Ligand code: SF4
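Numbering (my numbering), first residue to last: 1135 to 1366.
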């Protein structure tokens, strides 16, 4: 049975987040009225054909499903990326790392090499373009008045594309820079870790504690953007 809508926006547009049957998973219950499986039969047919084919999307989809099935709950995500690379038949693993994760990337590179694969890491400040050169005011630098390179995910992707990586792994890229890297990466790009400067790179911490320590996330008026608007 579908969960009763709790907020005005739920009422307007319930989707999978508001579903309590999750019948799409095992088909042991009922679809809710707003079910996106039921609303998209053609999409299901098209994607079934895609995944059962011989193209790269099919290869990636099956490799990912095999990793899940064979190692469910037994391997860390780090290990899963290595098994995934092996299943894809990758020889060269590119790492797109945040500059703040380069020590961690060195550990990861050792693990990748130990698996018999080649690895190349490209840090996010590659190219060393000053933030002012891309239109940011000097006052928005963390250290105004000195050279401060912007993140350069497009060049990270280009370096790894030129090297011929078979799989790229994102390590700690910022929100938005992750999009640019994935967009420009020729090889499939998967994420080992995302950046969260406040929660030790565990963004789910805010959700797991939203009823107490991070209840502020449920109150839009406390968002920095709201405060900025107030100042205008
Ligand atoms: S696809 Fe349908 S059954 Fe599955 S979670 Fe979404 S609404 Fe629920």
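All C-beta atoms in this analysis are idealised placements derived from N, C-alpha and C, irrespective of residue type, glycine included. Because the structure is a prediction, the values reported are computed rather than measured.
I think residue i touches residue j, with their Cβ atoms under 8 angstroms apart; what is that distance to the nearest whole Å?
{"i": "residue 1277", "j": "residue 1319", "result": "Residue 1277 to residue 1319, Cβ: 30 angstroms. No contact."}
{"i": "residue 1304", "j": "residue 1315", "result": "6 angstroms"}
{"i": "residue 1155", "j": "residue 1163", "result": "4 angstroms"}
{"i": "residue 1284", "j": "residue 1263", "result": "6 angstroms"}
Among the options, whose alpha-carbon lies nearest the alpha-carbon of residue i?
{"i": "residue 1235", "options": "1328, 1354, 1311, 1173", "result": "1328"}
{"i": "residue 1332", "options": "1325, 1348, 1322, 1326", "result": "1348"}
{"i": "residue 1230", "options": "1293, 1206, 1221", "result": "1293"}
{"i": "residue 1202", "options": "1254, 1218, 1150, 1256", "result": "1218"}
{"i": "residue 1280", "options": "1286, 1272, 1287", "result": "1272"}
{"i": "residue 1172", "options": "1186, 1185, 1157, 1182", "result": "1157"}
{"i": "residue 1189", "options": "1212, 1179, 1222, 1213", "result": "1222"}
{"i": "residue 1299", "options": "1252, 1208, 1238", "result": "1252"}
{"i": "residue 1324", "options": "1225, 1216, 1170, 1296", "result": "1216"}
How would you label residue i, buried or exposed, when you count the other beta carbons within 10 angstroms and need 16 or more for buried?
{"i": "residue 1268", "result": "exposed"}
{"i": "residue 1311", "result": "buried"}
{"i": "residue 1227", "result": "buried"}
{"i": "residue 1337", "result": "exposed"}
{"i": "residue 1307", "result": "buried"}
{"i": "residue 1186", "result": "exposed"}
{"i": "residue 1166", "result": "buried"}
{"i": "residue 1351", "result": "exposed"}
Does the beta carbon of residue i fall short of 7 angstroms from some heavy atom of the ligand ADP?
{"i": "residue 1312", "result": "The ligand content of the structure shown is limited to the ligand SF4, which means the ligand ADP is not among them."}
* Could you tell me which uninterrupted alpha helix (DSSP H) segments, each at least 4 residues in length, are contained entirely in the stretch 1256 to 1323, listed from first to last along the chain? => The qualifying runs are 1287 to 1297, 1311 to 1318.
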